[in-house]
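Enquirer: Sequence positions in the sequence shown follow the UniProt record's numbering and run 1 to 301.
For glycine and all other residues, C-beta sits at the position ideal for the given N, C-alpha and C.
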Amino acid sequence: MIGLARPARTKKSGNDVPIQTLTAKAKVVDLSDQDALLLGLLGFAATKLWNVANHHRRSVWGATGKIPDFVQQCRELKTNRWYKLLPSQSSQEILSELDDSYRSWFSHRKNGDPSARPPGFRKKETLSTVTFKQKAFEILPGNRVKLRLPKTYARREMVLEYHLPPDTTLGKVQQVKLTCDPTSGDWYVHIAHRVPIEYREAGIRVIQVSEKNTSTTCPLCNKRVKTARIQRGLFLHCGQAFNADLVGAYNILQRYLREAGRAWPDPSGVVGALARPAVNRFVWRKTTPKGREQGTFKQAV
1 MIGLARPART
11 KKSGNDVPIQ
21 TLTAKAKVVD
31 LSDQDALLLG
41 LLGFAATKLW
51 NVANHHRRSV
61 WGATGKIPDF
71 VQQCRELKTN
81 RWYKLLPSQS
91 SQEILSELDD
101 SYRSWFSHRK
111 NGDPSARPPG
121 FRKKETLSTV
131 TFKQKAFEIL
141 PGNRVKLRLP
151 KTYARREMVL
161 EYHLPPDTTL
171 GKVQQVKLTC
181 DPTSGDWYVH
191 IAHRVPIEYR
201 EAGIRVIQVS
211 EKNTSTTCPL
221 CNKRVKTARI
231 QRGLFLHCGQ
241 AFNADLVGAY
251 NILQRYLREA
261 GRAWPDPSGV
271 VGALARPAVN
281 RFVWRKTTPK
291 GREQGTFKQA
301 V
C-alpha cells in the first residue's frame, strides 16, 4: 500500500523516521477557585489583546492607508497592559492569529469575493484561547502541566491536572493551548505532541508529493483556475460542482501517478470504489455576524 503525504504536515527526525504532530484534548480536573479565576483572567486578557490589536490595525489603516503587520504590532504593543498580562509568546501567538486572519481576508478579496469582511472584534465576555509555547510550560508526571506566568503576577507558575482520553500516549510535547467551554465553563488543555508515523508494519510506503496548486486545478480539464473556488469547500468549473478538498486529494494522486509513470488503476480492483453519489450545490446567500454561512441546497445537474 502507498500513502501520499503532504510535505508540510510531517518532519523527519535524526533516524529518518517521519514525524507527525497530533493534538490531545484533555479536561482540566480538580481546579481550585483561585486557579479558575486566574485562567479566566488569562482568557479575558487574550480577548482584550485581540480587540486592542484589531483596533490598532484599523486606526493605522484609516490614518495612513496601510495596515501594520505582525512584526510592527509586536513592537508597538509590547508595553500594552493586556500584552503584559500574558506570557510574551502567548501574546505573540494572538497577534499572529490576527495577522493570519487579515491575510485570509486579503486573499478572499483578491480572488473576487465581495462578501469578505476584515476580522471582527470579540465579545468582551469571550474567554479566548491561550497558547503556551515550549519555554512557558512543563509536562509533569501524573497528567499534570506547569504553566509559567509573567512577572506581572504575584504567582510565577500554576500547576493544572488533566484527564487524558483512554489509550492516549503523549510524544514530545510542542505546545499547550487552554480553552474554556462557553456552555459548561469547563477548561481543557490541547496538547500538541510529535510522534513517529507507524506505517512500515502495516506495509505502507509513504511518498511525499507537492500540493502546490492542487486545490485550484480543475480535475476535468487540468487547468489552474483560481476563481473556481468561489466559496469555502466548493469548486465550480467545466459545468460541474466538486468538493474542494476532494479536488485537492484527486490532483495529488494524479500528480503522483504522473511523476511515477504509473497508469490509473482499474476501478473494479480499487478497494473503496463507490458509485457516483448525488451532488447538491450550496447556493450562498449571506454570512451572519457570527460567521455562519446561510443559503440553500439545490440538486446539481
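Count the other C-beta atoms from every protein chain shown that fall within 10 angstroms of the C-beta of Gln-175, then say buried if there are 16 or more, exposed otherwise.
Expert: Residue mapping note: residue 175 aligns to position 175 of the sequence shown, counting from 1. Gln-175 is buried by the Cβ-count criterion.
Enquirer: Nearest CA to the CA of Asp-30: which residue from His-163, Arg-224, Asp-167, Phe-106?
Expert: By one-based count along the sequence shown, residue 30 stands at place 30. Taking Asp-30 as reference, the option from His-163, Arg-224, Asp-167, Phe-106 with the minimal CA-CA separation is His-163.
Enquirer: Using three-state DSSP, classify Arg-205 as helix, strand or coil.
Expert: Counted from its first residue, the sequence shown places residue 205 at position 205. Of the three classes helix, strand and coil, the one that applies to Arg-205 here is strand, per DSSP.
Enquirer: With DSSP run on the structure shown, which of helix, strand or coil describes Thr-168?
Expert: Taking the sequence shown and counting its residues from 1, the one referred to as residue 168 is at position 168. DSSP places Thr-168 in coil when its eight states are reduced to three.
Enquirer: Cβ of Phe-70 within 7 angstroms of Cβ of Leu-95?
Expert: Start at 1 with the first residue of the sequence shown, and residue 70 comes out as number 70. Start at 1 with the first residue of the sequence shown, and residue 95 comes out as number 95. Yes, they are a contact pair.
Enquirer: Candidates Gly-239, Ser-184, Val-247, Ala-263: which alpha carbon is nearest Ser-215's?
Expert: Translated into the one-based positions of the sequence shown, residue 215 becomes position 215. If we check each option's Cα against that of Ser-215, Val-247 comes out closest.
Enquirer: Could you pull out every residue in the same chain whose Cβ sits closer than 7 angstroms to the Cβ of Gln-73, ignoring the five residues on either side in sequence?
Expert: As a working note, residue 73 is residue 73 in the sequence shown. Closer than 7 angstroms at the Cβ level, and outside the excluded window around Gln-73, lie Ala-53, His-56, Leu-95.
Enquirer: Once DSSP output is grouped into helix, strand and coil, what is the label at Arg-262?
Expert: What you label residue 262 is simply residue 262 of the sequence shown in a count that begins at 1. The answer is coil: DSSP assigns Arg-262 none of H, G, I, E or B.
Enquirer: Anyone know if the C-beta pair for Val-209 and Arg-255 falls short of 7 angstroms?
Expert: The count along the sequence shown starts at 1 and reaches residue 209 at position 209. The count along the sequence shown starts at 1 and reaches residue 255 at position 255. Yes, the Cβ-Cβ distance between Val-209 and Arg-255 is below 7 angstroms.
Enquirer: Excluding the 5 residues flanking Leu-98 on each side, which residues of the same chain have their C-beta closer than 7 angstroms to its C-beta?
Expert: By 1-based counting over the sequence shown, the position of residue 98 is 98. Answer for Leu-98: Trp-50, Ala-53, Asn-54, Pro-119, listed in chain order.
Enquirer: State the beta-bridge partners of Arg-224 as determined by DSSP.
Expert: Within the sequence shown, numbered from 1, the residue matching residue 224 stands at position 224. According to DSSP, Arg-224 bridges with Thr-217.
Enquirer: Buried or exposed, going by whether 16 or more other CB atoms sit within 10 Å of the CB of Trp-264?
Expert: Counted from its first residue, the sequence shown places residue 264 at position 264. By the neighbour-count rule (16 or more Cβ atoms within 10 Å), Trp-264 is not buried but exposed.
Enquirer: How many angstroms separate the CA atom of Val-145 from the CA atom of Asp-35?
Expert: As a working mapping, residue 145 is identified with position 145 in the sequence shown. As a working mapping, residue 35 is identified with position 35 in the sequence shown. So the alpha carbons of these two residues sit roughly 13 angstroms apart.
Enquirer: Give me whichever residues DSSP pairs with Asn-243 in a beta bridge.
Expert: Position 243 of the sequence shown, counted from the start, is the residue given in the question as residue 243. Looking at the DSSP assignment, Asn-243 forms a beta bridge with Leu-234.
Enquirer: Compare the Cα-Cα distances from Leu-149 to each of Lys-124, Glu-76, Pro-87 and report the closest residue.
Expert: Reading the sequence shown from its first residue, position 149 is the one you call residue 149. Per the Cα distances, Pro-87.
Enquirer: Since Trp-187 sits in a beta bridge, which residues does DSSP pair it with?
Expert: As a first step, residue 187 must be located in the sequence shown, where it is residue number 187. Its beta-bridge partners are Cys-180.
Enquirer: Out of Tyr-188, Gln-92, Thr-168, Arg-58, which has the shortest C-alpha to C-alpha gap to Ala-45?
Expert: Sequence index remark: in the sequence shown, residue 45 carries index 45 (1-based). Minimum Cα distance to Ala-45 is reached at Gln-92.
Enquirer: Going by Cα to Cα distance, which pick from Lys-177, Pro-182, Thr-152 is closest to Phe-137?
Expert: Here the question's residue 137 lines up with position 137 in the sequence shown. Closest option to Phe-137, Cα to Cα, is Lys-177.
Enquirer: Do you know offhand how far Tyr-83's Cα is from His-190's?
Expert: The residue given as residue 83 occupies position 83 in the sequence shown. The residue given as residue 190 occupies position 190 in the sequence shown. If I take the Cα positions, the gap works out to 22 angstroms.
Enquirer: Spatial neighbours of Phe-121 within its chain, please: C-beta separation below 7 angstroms, excluding the five flanking residues on both sides.
Expert: Counted from its first residue, the sequence shown places residue 121 at position 121. Excluding sequence neighbours, Phe-121 sits near Asn-51, Asn-54.
Enquirer: Taking the C-alpha atoms as reference points, what is the distance between residue 308 and Thr-179?
Expert: Within the shown structure, residues of the chain are numbered from 1 to 301, placing residue 308 beyond reach of any answer.
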